[in-house]
Every structure is written in structure tokens, then in C-alpha cells.
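Novice:
Number of protein chains: 2
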Amino acid sequence: MEFNEAKAQFIQTWGKLGSEWGINRTMAQVHAILLISPKAMSAEEIMAELSISRGNANMNIRDLINWNLVHKELVPGDRKEYFTAEKDIWEVARRIIKERKKREMEPVLKVINQLKTIEGDQQSAEIKEFTSMINQLDSFVGKMDKSVNLLLNENENKLFSILFKLMS
Amino acid sequence: MEFNEAKAQFIQTWGKLGSEWGINRTMAQVHAILLISPKAMSAEEIMAELSISRGNANMNIRDLINWNLVHKELVPGDRKEYFTAEKDIWEVARRIIKERKKREMEPVLKVINQLKTIEGDQQSAEIKEFTSMINQLDSFVGKMDKSVNLLLNENENKLFSILFKLMS
DNA sequence: TTAAACTTTCAGTAATTATTGAAAGTTTAT
DNA sequence: ATAAACTTTCAATAATTACTGAAAGTTTAA
Chain V
15 MEFNEAKAQF IQTWGKLGSE WGINRTMAQV HAILLISPKA MSAEEIMAEL SISRGNANMN
75 IRDLINWNLV HKELVPGDRK EYFTAEKDIW EVARRIIKER KKREMEPVLK VINQLKTIEG
135 DQQSAEIKEF TSMINQLDSF VGKMDKSVNL LLNENENKLF SILFKLMS
Chain H
15 MEFNEAKAQF IQTWGKLGSE WGINRTMAQV HAILLISPKA MSAEEIMAEL SISRGNANMN
75 IRDLINWNLV HKELVPGDRK EYFTAEKDIW EVARRIIKER KKREMEPVLK VINQLKTIEG
135 DQQSAEIKEF TSMINQLDSF VGKMDKSVNL LLNENENKLF SILFKLMS
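Chains as they are written, first to last, in the numbering used here: chain V, 15 to 182; chain H, 15 to 182.
(1) What residue range is occupied by the uninterrupted beta strand (DSSP E) comprising T98(V)?
(2) Cα separation between S51(H) and E118(V)?
(3) Run through DSSP, which three-state label would S33(H) get?
(4) Cα separation between S47(V) and K124(V)?
(5) Going by Cα to Cα distance, which pick from L151(H), T98(H), A22(H) and N82(H) is closest to A54(H)?
(6) In the DSSP assignment, find the beta strand (DSSP E) that holds A87(H) and state where it starts and stops.
(7) Please compile the residues from chain V whose C-beta is within a distance smaller than 7 Å of the C-beta of V122(H).
(8) Roughly how many angstroms lie between the CA atoms of K160(V) and G69(H), to the nearest whole one?
(9) Would you mind stating whether F17(V) and I132(H) have Cβ atoms separated by less than 9 Å?
(10) Shortest alpha-carbon distance to I25(V) belongs to which of D92(V), A42(V), P121(V) and R76(V)?
(11) Could I get the ranges of all uninterrupted alpha helix (DSSP H) runs contained in the segment 99-137 of chain H, with 4 residues as the minimum, in chain order?
(12) Could you check how far apart the C-beta atoms of L64(V) and V44(V) are, in whole angstroms? I think they sit under 8 Å.
(13) Looking only at its chain, what residues have a beta carbon closer than 8 Å to the beta carbon of T40(H), apart from the 5 residues adjacent to it on each side?
(14) Write down every uninterrupted run of the alpha helix (DSSP H) in the segment 54-78 of chain V whose length is 4 residues or greater and which is fully enclosed by it, in chain order.
(15) Roughly how many angstroms lie between the CA atoms of N149(H) and A139(H), to the nearest whole one?
(16) Who are the neighbours of G69(H) on chain V, taking C-beta pairs under 8 Å?
(17) Quick check on D92(V): does DSSP put it in helix, strand or coil?
(18) Checking contacts by CB at 9 Å: is E58(H) closer than that to chain V?
(19) Expressed to the nearest angstrom, what Euclidean distance is found between the alpha-carbon atoms of L165(V) and D92(H)?
(20) Closest to D102(H) by C-alpha separation, out of I60(V), D152(V) and V89(V), would be which residue?
(21) Please report the distance separating the alpha-carbon of F154(H) from that of K115(H).
(22) For the alpha helix (DSSP H) holding I50(V), just list the boundary residues, first then last.
(23) How would you call I79(H), buried or exposed, if buried means at least 16 neighbouring beta carbons within 10 angstroms?
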């Protein structure tokens with residue numbers, strides 16, 4: 015396969031995967047471009063590469079920075095801003111997990127905790143079923159939370175070495 | 015908190031979480047209703063509970079069945095179809111992971127494999143960076159794939175007992 | 001200061017995704 | 001066979017989400 019074709023396919027695949035996981039397709043595509051770029055890129059270059067507007071490029075780059083996946087790079091003697099992506103894929107995964115945990119898991123944990131005690135006839139089938147499900151979820155999400163913390167605190171090799179041991 | 019308020023909040027939270035993860039909000043809400051229902055529900059009851067149309071209910075219930083999270087239940091002497099959700103939350107998680115792996119991880123693995131060999135000057139900075147990223151991804155996704163298989167094949171206690179050991 | 005070089009914002013618009021509801025399809029009982 | 005009771009489909013429409021581009025804002029250099 016020719017390089018340009020491979021590059022286009024990579025950008026498209028990364029974008030599709032992102033959109034399947036609730037991440038703006040363009041944001042994922044900008045990320046893909048930066049992941050495979052050997053040098054920091056300007057907003058102009060990103061706009062040209064994806065044929066998107068300045069506003070769109072700006073907002074998606076900013077989002078990537080908020081996700082801690084991309085950062086600005088200053089070139090001395092140049093007023094333009096350049097952008098680079100974190101290239102260590104394990105670190106990329108950690109940062110995505112960290113961010114989604116903060117944005118999505120923590121609010122859910124909070125709601126579940128509120129729903130653990132409800133008023134009314136505790137013997138009614140509806141309330142019994144509801145309470146049982148909330149308790150299951152509370153336990154499950156709590157375990158997940160701990161596992162994710164582990165994942166975030168350990169390094170790649172430590173975690174995988176244990177998983178591999180499990181597998182054998 | 016009163017039961018009906020708690021129920022409404024649970025349905026809404028589940029729906030929001032779903033939409034953040036690329037799953038149709040209504041599908042997630044139908045799932046939420048069934049998760050906390052002590053009995054199998056008909057399409058009519060689900061339509062009424064969420065104020066949605068027959069077509070919408072039908073399609074989302076079908077999707078949930080395709081995800082293997084909900085199944086039909088036949089009541090002797092009744093022509094209506096009734097639906098129930100898998101209630102074991104660990105099993106729910108396993109089925110979601112299994113389905114997403116099949117739908118999303120496997121196609122990505124396939125593309126990555128195709129992109130591992132590309133034509134052109136292997137010394138160029140662009141190709142070197144591209145190849146390096148593809149190789150990292152190949153290794154990472156391969157490990158993830160194995161870990162997910164493990165997760166799917168072991169039971170909850172086995173896996174978590176090892177994670178807990180890790181954490182201590 | 002001034003103005004050039006750049007970045008950010010956001011109202012309007014476009015693209016995508018989800019929903020409705022009525023018609024078509026299917027199953028069951030008689 | 002017929003019709004009642006139910007489910008499924010899908011074209012039209014609505015709702016949501018993303019994008020554009022020009023104007024406003026900011027920074028830097030002289």
C-alpha cells in the first residue's frame with residue numbers, strides 16, 4: 015500500500031472509532047494526524063490536511079488539549095502556534111481513561127449513591143427490584159473505579175505482566 | 015427520595031451515560047426501565063413509560079435483543095410479546111464488552127494489520143513515524159484483545175480477586 | 001501607539017442521527 | 001378464508017450535533 019493511501023485510511027479509521035465511542039469524528043481525525051506527524055503542526059496545516067475551517071480546527075485542537083492528548087509547542091522566532099500529540103500509546107490510553115472516568119464515571123457514582131435509599135414500601139416488588147439493581151451497580155461501579163485507579167497508577171508492564179500470568 | 019423520582023433519575027442517568035458512549039439514548043433508557051422492572055414488559059408499557067412511538071420502541075427493543083441484553087418472553091395464552099433484561103450486572107458488562115469488541119475492535123485490528131507494511135522510502139521521517147505508531151498500536155491493541163478475552167472467559171471473582179491482590 | 005499576525009468566538013447553516021406514525025406484514029383463532 | 005391482534009418497516013420530519021466564516025479579540029514588534 016502507498017503511504018498516502020495508508021495515511022488516509024488510518025485517519026478515517028481513527029475518526030470512525032472515535033465517533034463510535036462518542037467522540038467528535040473531526041477531533042479524532044486531528045488526533046490521528048498529529049499521532050503520525052514527525053513534527054509539530056500549525057493550525058493551517060491541520061486545516062489543509064482535513065479540509066476543515068479555521069474555527070473547526072481551533073475548537074477541536076482546544077478540546078484535544080483539554081483532554082491532555084495534545085500540547086502547544088512554541089518555535090522561537092515564529093508567532094504561529096504548533097501542536098504535537100503525546101506519542102506513547104499507553105500514555106494516550108491512560109489519559110483518555112482518566113478523563114472519561116472524571117467526566118462520566120464520577121457523576122454516575124454520585125447519582126447511584128443518592129439512589130441507594132428511597133422512601134416507600136420496601137416490600138413492594140418494584141422497590142425491591144430497584145434497590146437490588148442499584149446495589150449491584152454500586153458494587154460494580156465501585157470495583158471498576160478501583161480497577162481503573164490501579165490501571166492509572168501502575169505502569170504498562172506491571173499490569174500486563176499480571177494479566178499475562180492470569181492467562182497462562 | 016421518592017420512588018418515582020429515583021426511577022426517573024435512574025432512567026435519565028443511564029440514558030445520558032449511553033449517549034456519551036455512542037449508544038442511542040432511547041435504547042439505553044429502554045434498557046434502564048427493563049433493568050429495574052420486576053416483571054417482563056410489553057412494547058405498550060415501554061412506550062407509555064418513556065412516551066415514545068411504537069416504531070421507536072420496536073427498533074430499540076430489537077437493538078437491545080441484538081446486543082443480547084434483552085430477550086423476548088412468551089406468556090401462554092397471550093399474543094403480546096414481553097421483554098426482560100439480563101439482571102446480573104456483571105453479565106451485562108460482559109455482553110456489552112463482547113459486542114463492542116466484535117463490532118469495533120476487530121475491524122480496527124484488521125486495518126492496523128493492513129497498514130503494517132507500506133511502500134516507499136522507509137527512511138523518510140513521515141514513513142518512519144507512521145510505521146512506529148502503527149507498530150505501537152498493533153502491540154497495544156493485541157494486548158487489549160487478549161486482556162478482554164480473559165475478562166470474558168473468567169468469572170467476576172477470579173478476575174477481581176487478582177486485581178485486588180494487585181492493589182494491596 | 002499602531003498595525004500586522006495571529007487566535008478565538010459564535011450566530012447562522014449544514015450534516016447527521018433519531019423519531020413518528022401510518023401502511024404493510026405476520027400470526028393466530030375461528 | 002377471514003379478520004382481529006399484534007409486529008415491523010420506512011419515508012417524512014424533528015431534534016441534535018457539528019461546521020463555517022467573518023468579526024472580535026489578543027499578542028508582538030517596531
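Just so it is clear, CB atoms sit at the ideal spot from N, CA and C, and this is done for glycine as well.
Specialist: The relevant details are as follows:
(1) E95 to A99
(2) 25 Å
(3) helix
(4) Reading off the sequence shown, one finds Ile at residue 47(V), where the question assumed Ser. Roughly 37 Å between the two C-alpha positions.
(5) T98(H)
(6) The amino acid at residue 87(H) is misidentified as Ala; the sequence shows Glu. That run of the beta strand (DSSP E) goes V84 to L88.
(7) T27 and L31
(8) 41 Å
(9) yes
(10) A42(V)
(11) 103-114 and 120-128
(12) 7 Å
(13) G29, L64, I66, N70 and N74
(14) 57-64
(15) 15 Å
(16) In chain order: nothing, as chain V lies at least about 24 Å away.
(17) coil
(18) no
(19) 50 Å
(20) D152(V)
(21) 14 Å
(22) First-last for I50(V): undefined, no H or E at that position.
(23) exposed
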